[in-house]
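Here's the structure, in structure tokens; my notes come after.
Protein chains in written order, with my numbering: chain L, 1 to 332; chain A, 1001 to 1555.
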């Protein structure tokens, strides 16, 4: 029974929620307008040819779409903004580079990537050779028996470090919501159960692979048959992972997709070369002069065009006109 | 003027997450902005919803269905601004931004951490717009919108100077300025506006500048500048105002017409314009209608910013200029660089179009041939920063400068937030300063360029009632100034921002650092040799402050 519920029903539901949820969130973000071009410029703008720009300036204050793409890639793969992190010490009124968060973040995310790549062996037949090679390298195959996958251990360590930050650093403790702790605990539970399964209470991985491949081709009858043969320890790991998938679109974990949608990072700093058009403002007459409507009432500001202005201050403007629009020092 | 306390204590507090969700009820003195009066927000020229009653924080006199209006405004914002929506969703509360905010460093108030500030509105967003918040409530970090929460939103929305320093360090580029700006817009929909900025917005909408100067006043002020320059240089100088057919429109922040030390920068502009006209025939005009570069609307809302900056392109078109030069101002350049050509249609006059087909200054004044703007600008925008312009003039050897005239100064340069992080103008001012003076030193790396600290008074916080907050917010910047003061003996802090120039004299006095404040164009004005008037480098006897350049013998 456990096999049917956690081996067949739950994964289908989880994947469905995950896919639908992520698509919904992305469409939801994409459907929101981008009124202004607001990149945060972290370096020298493109300027006259004699103002030199370093390679960092090109990425931090991108002018072309390639430079912008470079900025995004550096952000995604190297967490470049976190790498700039400093810490302010009140008592010393000085600052130091503080890259611990960057280190923990990199440790976690790259371990996760390696772990996911390794797990692709359960879904793909034949297993791609680079997956094999990568696994062999990180396990120092032949040194330890059985092979120890470094990423699987590092990810646990990194998660603990990230969690300890939230528990022991006062600022981070104040900031952390229950959901922040919850995600870390969930990930810890998944990774620890995975490691237990790998080194202590083993599950039959051939059966697991058969279950997953059958699920993938919707061969449900066969899947149920296999599911019932797998050891319960697998379902702890697998069930939690399914829960994580279903939870993903509704949580802060969506930062994985959101980072691509950040206007302060994904727009080039070329405002002066190319005009950005606001989809909801034709920019012909100021919106306030047309009037804004709140709770059924319209509030309209007078448009001060030149003619109105001239009418209001006619005597003074005419004096300027009489001086032929020229200002000279007064004769004393 | 209200004073900050003699002894400034920074009390750091680290409440629990539950406590963070509860609205603060006791507002610190010196950190709450006054609410607008009807004459500012119910004016013919700037009419905001429900602006017709006088409010204070004890009695907000909210419209009956305020909650509905606020949530509608929020829904509207989520649809109209992707940045706001994405930033509501993707923050992971990693804390990287926390100690990057100068207000947090100065106050120790956890809700002044950029993430804390964003959580104030994010918690409301979760409650009304996400399934998790609707179901799990407080456990999901969500909270009801109550009148206390609204007051708290107002209190903290006006403790942010929109400087974007947090955005540089955020792994997702979450920009608190974006969140706070649109939050202020939502607050304005239920009648909550900050008095200080709306005074200027209303004045600018009515008269063309924040100070409410009438055309004659602006004329007289510039005239006085020319008179002072006559005393200093001995030459009869002139300038143009509202002149049709000029080559260039010049737009400065209105503080330059009156305030000190802005005034010396104004004199610098005038010297440069005269030299360029006499020597090359490039005519530059001021305008009373478009007399304001700074845009306090850009602290308030998209609509208010647009109302104020809509005049500038119109005026350029009416006067028939070829491009626009903007003066020394910080947030003005966020507005002029990133907003103005989206909020308005660029000018369509013939001269403008013709110039931008081949944007070489030689097309306007033969002697300036070779200075081209097309490596980064086009006729779809058309604004050049005065310091970029001067940098190009120096590089192409079109003006003659005598560095030694600035020898009494040992300078450091403060990057205004919006120029550094909203524009990327970082090397040009340094290029200019190195070329017009001999003693120039930068502050420590963590406090300049894209990591520059705010002056603590930007974003509409230059109000007197916020003095405590301002003196706290400026603290990191002042420590950096003190460092170079001790190390190099720096005696002037240069900044191309009008708000900085208003804030720093108070701040330097408060933090007891004996350093003057000025603008780069003042240094340019000092060093500029008026060759077209027959001036020799050694001729000038006084600097723009009226001080003798050479010390008397025997002193």
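Even for Gly, the Cβ is constructed at its ideal location relative to N, Cα and C. These numbers come from a predicted model, not from an experiment.
Of the listed residues the options, nearest to residue i (C-alpha basis)
| i | options | result |
| --- | --- | --- |
| residue 302(L) | 287(L), 294(L), 313(L), 315(L) | 287(L) |
| residue 1127(A) | 1221(A), 1141(A), 1116(A), 1293(A) | 1141(A) |
| residue 7(L) | 107(L), 104(L), 239(L) | 239(L) |
| residue 106(L) | 89(L), 254(L), 151(L) | 151(L) |
| residue 1118(A) | 1359(A), 1134(A), 1101(A), 1131(A) | 1101(A) |
| residue 1165(A) | 1270(A), 1115(A), 1508(A), 1495(A) | 1115(A) |
| residue 1339(A) | 1309(A), 1366(A), 1317(A) | 1309(A) |
| residue 1376(A) | 268(L), 329(L), 289(L) | 268(L) |
| residue 1421(A) | 1334(A), 1474(A), 1387(A) | 1334(A) |
| residue 1467(A) | 1441(A), 1502(A), 1547(A), 1436(A) | 1502(A) |
| residue 1513(A) | 1533(A), 1528(A), 1477(A) | 1477(A) |
| residue 1436(A) | 1455(A), 1520(A), 1036(A) | 1520(A) |
| residue 1511(A) | 1493(A), 1544(A), 1471(A), 1483(A) | 1471(A) |
| residue 1258(A) | 1209(A), 1354(A), 1368(A), 1136(A) | 1209(A) |
| residue 234(L) | 193(L), 53(L), 274(L) | 193(L) |
First and last residue of the uninterrupted beta strand (DSSP E) at residue i
| i | result |
| --- | --- |
| residue 1248(A) | 1248-1251 |
| residue 1532(A) | Taken as a continuous stretch (DSSP letters only), residue 1532(A) belongs to no beta strand (DSSP E), as it is neither H nor E. |
| residue 1516(A) | 1516-1518 |
| residue 1542(A) | That residue, residue 1542(A), is in no beta strand (DSSP E); it is neither H nor E in DSSP. |
| residue 1371(A) | Careful: residue 1371(A) lies outside any beta strand (DSSP E) and carries neither H nor E. |
| residue 1493(A) | 1492-1494 |
| residue 1238(A) | Counting along the chain, residue 1238(A) falls outside any beta strand (DSSP E), and DSSP gives it neither H nor E. |
| residue 299(L) | 297-299 |
Residue i: first and last residue of the uninterrupted alpha helix (DSSP H) it sits in
| i | result |
| --- | --- |
| residue 115(L) | 100-119 |
| residue 26(L) | 10-30 |
| residue 1165(A) | 1165-1169 |
| residue 1483(A) | 1475-1488 |
Rounded Cβ spacing between residue i and residue j (contact assumed at less than 8 Å)
| i | j | result |
| --- | --- | --- |
| residue 226(L) | residue 205(L) | Incorrect: roughly 12 Å between the Cβ atoms, too far for contact. |
| residue 1158(A) | residue 1461(A) | 7 Å |
| residue 1038(A) | residue 1024(A) | In fact, because the Cβ distance is near 28 Å, the residues do not count as touching under 8 Å. |
| residue 1062(A) | residue 1190(A) | 6 Å |
| residue 1499(A) | residue 1458(A) | 5 Å |
| residue 1281(A) | residue 1365(A) | 5 Å |
| residue 1267(A) | residue 1405(A) | At roughly 14 Å, the Cβ-Cβ gap does not stay under 8 Å, so residue 1267(A) and residue 1405(A) are not in contact. |
| residue 49(L) | residue 1226(A) | Between residue 1226(A) and residue 49(L) the Cβ distance is about 35 Å, and since that is not below 8 Å, they are no contact. |
| residue 41(L) | residue 1525(A) | Not a contact, Cβ separation roughly 28 Å. |
| residue 1013(A) | residue 1108(A) | 7 Å |
| residue 334(L) | residue 156(L) | In this structure chain L extends from 1 to 332, so residue 334(L) is not present and cannot be described. |
Inter-residue spacing [alpha-carbon to alpha-carbon] between residue i and residue j
| i | j | result |
| --- | --- | --- |
| residue 309(L) | residue 1277(A) | 29 Å |
| residue 1256(A) | residue 245(L) | 58 Å |
| residue 1008(A) | residue 294(L) | 43 Å |
| residue 1370(A) | residue 1408(A) | 34 Å |
| residue 1184(A) | residue 1154(A) | 8 Å |
| residue 312(L) | residue 1254(A) | 20 Å |
| residue 201(L) | residue 1088(A) | 42 Å |
| residue 1490(A) | residue 1411(A) | 5 Å |
| residue 1554(A) | residue 1431(A) | Any reading at residue 1554(A) must be qualified, since the residue scores a pLDDT of 47, below 50, and its modelled position is unreliable; the value itself is stated next. Cα-Cα distance, rounded: 35 Å. |
| residue 1178(A) | residue 1297(A) | 14 Å |
| residue 1292(A) | residue 1329(A) | 10 Å |
| residue 216(L) | residue 279(L) | 42 Å |
| residue 319(L) | residue 1216(A) | 8 Å |
| residue 1001(A) | residue 1506(A) | Any answer about residue 1001(A) is weak, because its pLDDT of 48 lies below 50 and its placement is not dependable; what the coordinates show is given next. For residue 1001(A) and residue 1506(A), the distance between alpha carbons rounds to 11 Å. |
| residue 1317(A) | residue 1352(A) | 8 Å |
| residue 1325(A) | residue 1523(A) | 18 Å |
| residue 291(L) | residue 1288(A) | 26 Å |
| residue 13(L) | residue 242(L) | 9 Å |
| residue 1073(A) | residue 158(L) | 41 Å |
| residue 24(L) | residue 99(L) | 35 Å |
Short CB-CB distance (under 7 Å) between residue i and chain D
| i | result |
| --- | --- |
| residue 1044(A) | In the displayed structure, chain D is absent; the protein chains listed are L and A. |
request  = Report yes or no: do the region 1261-1277 of chain A and the region 1014-1031 of chain A share at least 3 C-beta pairs separated by less than 8 Å?
outcome  = no
contact_flag[the region 1227-1243 of chain A, the region 1065-1082 of chain A] where n(CB pairs < 8 Å) is 3 or more = no
query = At a cut of 8 Å, does the region 162-173 of chain L reach the region 184-199 of chain L through at least three beta carbon pairs?
reply = yes
ask   = Given 8 Å as the limit, is there contact between the region 1312-1321 of chain A and the region 1387-1400 of chain A, that is, 3 or more CB pairs closer than that?
value = no
task = Examine the Cβ distances between the region 1232-1245 of chain A and the region 1532-1544 of chain A and report whether three or more of them are shorter than 8 Å.
result = yes
query = Does the region 1082-1097 of chain A come close enough to the region 1447-1457 of chain A to have 3 or more Cβ pairs within less than 8 Å?
reply = no
inquiry  = Assess contact between the region 79-91 of chain L and the region 110-126 of chain L, defined as three or more Cβ pairs (one per stretch) separated by less than 8 Å. Is contact present?
reply    = no
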